[in-house]
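Contents: one structure, followed by commentary.
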Amino acid sequence: ETKKILDQTTNTTSFSKQRTSNRSIKNQKQQSNQLFLDFGQNSFGKQTICTICGMLQVHGLDEDDAQHAKICKEYQEGVTCLGWKNERRVGTSFGKEDDRILEVRPEDSSQHRKKVTEVKLIVDKELGFASSCRNNEEDPSSSVANSMTCYMYISKKRVVGLLTVMRIQRAYELLLPNKDGNDNNDKCNSSSISRSLKPSKALLGIHQIWVHNAHRHRGIASKLVTAARDHLIF
1 ETKKILDQTT NTTSFSKQRT SNRSIKNQKQ QSNQLFLDFG QNSFGKQTIC TICGMLQVHG
61 LDEDDAQHAK ICKEYQEGVT CLGWKNERRV GTSFGKEDDR ILEVRPEDSS QHRKKVTEVK
121 LIVDKELGFA SSCRNNEEDP SSSVANSMTC YMYISKKRVV GLLTVMRIQR AYELLLPNKD
181 GNDNNDKCNS SSISRSLKPS KALLGIHQIW VHNAHRHRGI ASKLVTAARD HLIF
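In this note's numbering, the protein residues as written are 1 to 234.
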């Protein structure tokens, strides 16, 4: 009987060891899965910064390639905007059938504000602004632009122009230097641009104005400013 008990104990122990060994081999197989095929290509795993959109891309990652293709296309052609049913049109009939200007106010829906945030990511980069939207992409209501009214110029279902404005009460006049760089009144004594110390009454303040480089010299910036004057003040 003692020998029989020992045999059963030995069998149980060996079965337990075999089960543990099988589990260990299974874990090793799961950990050693090859996710990429490396054939010695020079670009494999290489990190580069795109000269167009500025995105850091890791070559060989399908997710990175797809994300970079989407962002780079937006930089080259403009952010896609198919429009909304309740969009607020403040300008149409610009010589092209689908060209229009849309107004987006701070109280508008998050869907509208999110589209402005997508465009501002590009605008901030091109104009050299420290972007306030990058860390709040999923929450457009928390961006700085939330307190401003935005005007987007749409052409061929792409946003090719953006103007952000706000109501103000006073502004300071810019003082341009004379051609000879001298001013007897000492208002401007250098080649840089300075401002007057005396405030003037104002109603409309422009925070940012931008036009896509492929659509410049078409008067888009002037049309955006005119739309803001006509609809924000009056």
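Ideal Cβ placement from N, Cα and C applies to all residues, glycine included. This structure is a prediction, so every number in the text was calculated from the model and none was measured.
- One Cα belongs to Arg-170, the other to Asp-124, and the distance between them is close to 25 angstroms.
- Per DSSP, the beta bridge partners of Cys-150 are Val-104, Thr-164.
- Measuring C-alpha to C-alpha distances from Gly-83 to each of Ala-69, Glu-74, Asp-99, Gln-76 identifies Asp-99 as the nearest.
- Distance between His-68 and Gln-57, taken at the CA atoms: about 7 angstroms.
- With 16 or more other Cβ atoms from the protein chains shown falling within 10 Å of its own Cβ, Arg-113 counts as buried.
- In this structure Val-165 is in contact with Met-148, their Cβ atoms being roughly 6 angstroms apart against a cut-off of 8 angstroms.
- Within the same chain, and ignoring the five residues on either side of Thr-92 in sequence, the residues whose Cβ sits closer than 7 angstroms to its Cβ are Arg-100.
- For a cut-off of 8 angstroms, the C-beta gap from Tyr-172 to Leu-163 is around 20 angstroms, too long to register as a contact.
- Per DSSP, Lys-201 is one residue of the beta strand (DSSP E) stretching across 194-201.
- Val-119 is positioned such that its CB atom lies no closer than 8 angstroms to that of Val-90.
- When the five nearest sequence neighbours on each side are left out, the beta carbons in the same chain lying within less than 6 angstroms of the beta carbon of Ala-227 are those of Val-90, Gly-91, Ile-101, Tyr-151, in order along the chain.
- Per DSSP, reduced to three states, the secondary structure at Gln-169 is coil, with no helix or strand assignment.
- Counting only residues of its own chain and dropping the five nearest sequence neighbours on each side, Asp-64 has a CB closer than 8 angstroms to the CB of Gln-57, Val-58.
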